[in-house]
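S.K.: Sharing a structure, written as structure tokens. Questions coming.
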Amino acid sequence: MKPNRSIPQSTVIPVLYYPDVRAAVAWLSAAFGFKERVQIGESHRSQMKVGDGAVILGDIRRDRCPPRAGEVTHCVMVRVEDARAHCERAQAHGAQILDELQDFPYGERMYTAADLAGHQWTFTETLADVEPESWGGKTIHSS
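Residue numbers (my numbering): 1031 to 1173.
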């Protein structure tokens, strides 16, 4: 891929829609530790860094809308170093914890939270390198 400073360098970049992009930037920064990379317009879009990944926040227009109560259309998974501390920070900033912090047999500690617009985020910390076959998974193609 050719580099371009006007777009995040991540291969996959979720774009999520918020009624107030600036409020979402402030909240995601405070609650989840994301960092704003590029602001586009007053409240049109924002590119945010999270670790070596990225997410773009977009404004509401035409057919673009945030999730509606009672519907789950997506969940963005983010790897973090310390899921327990991350969860505590998110709760302190008012994140709604949907799935409590839990350790899984596939070597991950995870929790799921909803942000101020209802988008769901799962944060995961790797506890161990676990072979998928040991917990019922099946390796199809190793990288």
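Idealized CB from N, CA, C, for every residue including glycine.
1) List the endpoints of the continuous alpha helix (DSSP H) containing I1160.
2) Which one or two residues does DSSP pair with D1129 in a beta bridge?
3) What are the boundary residues of the beta strand (DSSP E) that E1066 is part of?
4) Could you check what DSSP says for Q1077 in three-state terms: helix, strand or coil?
5) CA-CA distance, Y1141 and H1123?
6) Alpha carbon to alpha carbon, how far is A1084 from A1144?
7) Smallest Cα separation from E1009: which of G1063, K1168 and R1052?
8) I'd like to confirm the pairing. Which residues does DSSP put opposite A1084 in its beta bridges?
9) Using a threshold of 8 Å, state whether the C-beta atoms of A1054 and L1146 are closer than that.
10) Return the CA-CA distance between V1068 and W1165, expressed in angstroms with no decimal places.
11) Nearest by alpha-carbon distance to C1117: which of E1101, V1106, I1043 and E1155 is it?
12) Check whether the Cβ atoms of S1059 and K1065 lie closer than 8 Å to each other.
13) Any idea if I1043 is buried or exposed, counting beta-carbon neighbours within 10 angstroms, 16 or more meaning buried?
M.R.: This is what the structure gives:
1) Stepping through the sequence shown from its first residue, residue 1160 is reached at position 130. According to the sequence provided, residue 1160 is Val. The question's Ile does not apply to it. No alpha helix (DSSP H) contains V1160, which DSSP labels as neither H nor E.
2) Translated into the one-based positions of the sequence shown, residue 1129 becomes position 99. Answer by DSSP bridge pairing, in chain order: T1142.
3) To locate residue 1066, count along the sequence shown from 1; it is residue 36. Element bounds for E1066: K1065 to I1070.
4) Walking along the sequence shown from the start, residue 1077 turns up at place 47. Looking at Q1077 - three-state DSSP - the assignment turns out to be strand.
5) Within the sequence shown, residue 1141 is the residue found at index 111, counting from 1. Within the sequence shown, residue 1123 is the residue found at index 93, counting from 1. Taking the straight line joining both Cα atoms gives about 15 Å.
6) On the sequence shown, position 54 is the one that residue 1084 refers to. On the sequence shown, position 114 is the one that residue 1144 refers to. C-alpha separation (whole angstroms): 18 Å.
7) The structure shown does not extend to residue 1009, since the chain is modelled only from 1031 through 1173, so no value can be given for it.
8) Within the sequence shown, numbered from 1, the residue matching residue 1084 stands at position 54. BP columns for A1084 point to K1079.
9) Your numbering for residue 1054 matches position 24 in the sequence shown. Your numbering for residue 1146 matches position 116 in the sequence shown. Yes; because the gap between Cβ atoms is below 8 Å, this pair is in contact.
10) In the sequence shown, counting from the first residue as 1, residue 1068 sits at position 38. In the sequence shown, counting from the first residue as 1, residue 1165 sits at position 135. Straight-line Cα distance between these residues: approximately 41 Å.
11) As a position in the sequence shown, residue 1117 is number 87, starting the count at 1. Looking at the Cα atoms, E1155 is the closest of the given residues.
12) Stepping through the sequence shown from its first residue, residue 1059 is reached at position 29. Stepping through the sequence shown from its first residue, residue 1065 is reached at position 35. Yes, the Cβ-Cβ distance between S1059 and K1065 is below 8 Å.
13) Along the sequence shown, read from residue 1 onward, the residue named residue 1043 stands at position 13. Exposed, by the Cβ-count rule.
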